[in-house]
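J.: Reminder that position 35 of the sequence shown reads as 26 in our numbering, one-by-one numbering, no gaps.
Yeah, the Cβ is synthetic: ideal placement off N, Cα and C, and Gly gets one too.
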Amino acid sequence: MAAVAEVDSKPREDPDDPEFGYRVEATLLPEPTDALYGSPVGRDEMELGQVRSVQKVKPGALKILLERAGL
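1) Run through DSSP, which three-state label would Leu19 get?
2) Taking 8 Å as the limit between beta carbons, can you name the residues of its chain near Thr18, skipping five residues before and five after?
3) Which of the three DSSP states is assigned to Arg59 in this structure?
4) What first and last residue would you give for the beta strand (DSSP E) that runs through Val(-2)?
5) Are at least three pairs of beta-carbons, each pair with one atom in the region 0 to 12 and one in the region 31 to 41, less than 8 Å apart?
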């Protein structure tokens, strides 16, 4: 987990950027990000398989992330 942010708007297509076809505006939440940095959640705790830059969090892992982030 690199950062915690609140999504500000729905994702929108960006046809001008072939590498990143969608954009989403978000606001970084510094305190939860710092909390997770200080007490990281392991991949095994989140039941993640292969390494990817962005993954959807499974429902069981979301509870762990929220607790560690102080949310």
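T.: Walking through what the data contain:
1) As a first step, residue 19 must be located in the sequence shown, where it is residue number 28. In this structure, Leu19 counts as strand in the three-state DSSP scheme.
2) The residue labelled residue 18 in the question sits at position 27 within the sequence shown. Taken in chain order, the residues that qualify are Ala(-4), Glu(-3), Asp(-1).
3) Walking along the sequence shown from the start, residue 59 turns up at place 68. Residue state, collapsed to three classes: helix.
4) Numbered from 1 along the sequence shown, position 7 holds the residue referred to as residue -2. Element bounds for Val(-2): -4 to -2.
5) no
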